[in-house]
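Here the structure is laid out as structure tokens; the discussion comes afterwards.
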Amino acid sequence: MISGHLPIGAIVGPQGIKGQFKVKPFTATPQALSAYGPVTLDDGRQLQLQVTSFNAKGLAIVRAKGVETREAAEALRGVTLHVSRDRLPDLDDGEIYHADLLGMAVTDQNGQWLGKLVAIHDFGAGEIAELAVESGPTIMVPFGGDRLLAVDMAAKTIDLSVPAGLLDDAIDGDAPA
Numbered sequence: 003m004i005s006g007h008l009p010i011g012a013i014v015g016p017q018g019i020k021g022q023f024k025v026k027p028f029t030a031t032p033q034a035l036s037a038y039g040p041v042t043l044d045d046g047r048q049l050q051l052q053v054t055s056f057n058a059k060g061l062a063i064v065r066a067k068g069v070e071t072r073e074a075a076e077a078l079r080g081v082t083l084h085v086s087r088d089r090l091p092d093l094d095d096g097e098i099y100h101a102d103l104l105g106m107a108v109t110d111q112n113g114q115w116l117g118k119l120v121a122i123h124d125f126g127a128g129e130i131a132e133l134a135v136e137s138g139p140t141i142m143v144p145f146g147g148d149r150l151l152a153v154d155m156a157a158k159t160i161d162l163s164v165p166a167g168l169l170d171d172a173i174d175g176d177a178p179a
């Protein structure tokens, strides 16, 4: 992640032949993607976005000066769009940017260590936390709504309510040394 910036979306591919591209928004209000001002790409370049519409999958269809062909849009596939924190709206009480939670230790409702938070996904049926465990592949657990019990920013910990039996064979339960 770029220092002082937060990710607001990712380019998922071109749209048409005139340089438009599709963006998966990470923001609560996807319509505001172009309102944040210039976005910074992973390589430090900047683009000024103009959202022209949204497709049926909720992806923003976007134009940007300097991206005039399908090939130029294709070259941006997989790039994350970042915005300086100071250009984002103020958070309400109790709100937290997902990016600020990454790397935190996650425990379940019984205090059992689950892993370190590496990503938060939303595939349409609610938020899912992806956790790195001591060994083996990452695990996925429900994250949003009433599953999120507590966040301690100072201690860098997250407490989740995990459905019984979900992780019986997935983790050993001991925090790393």
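Heads up: the sequence shown runs through residues 3 to 179, numbered per the working numbering.
No residue lacks a Cβ here, since even glycine has one placed at the ideal position from N, Cα and C.
Just so you know, these numbers come straight off a predicted model, no measurement behind them.
Supposed contact pair Gly105 and Lys118 - C-beta distance, whole angstroms, cut 8 Å: 6 Å
Bounding residues of the alpha helix (DSSP H) (the contiguous stretch that carries Arg72): 72 to 76
Opening and closing residue of the beta strand (DSSP E) in which Ala121 lies: 115 to 124
Beta-ladder partner(s) of Val14, from DSSP: Looking at the DSSP assignment, Val14 forms no beta bridge with any residue, so it has no partner.
Delimiting residues of the beta strand (DSSP E) encompassing Gln52: 51 to 56
CA nearest to the CA of Arg87, picked from Pro9, Gly21, Gly167: Pro9
Supposed contact pair Thr82 and Ala12 - C-beta distance, whole angstroms, cut 8 Å: 5 Å
Proximity to Val25 [Cα-Cα], best of Pro40, His123, Leu51: Leu51
Nearest-angstrom Cβ-Cβ length linking Lys158 and Ala107, presumed shorter than 8 Å: 6 Å
Coil, strand or helix - Gln244 by DSSP: As displayed, the chain neither begins before 3 nor continues past 179, which places residue 244 out of reach and without an answer.
Asp92 - DSSP class collapsed to helix/strand/coil: coil
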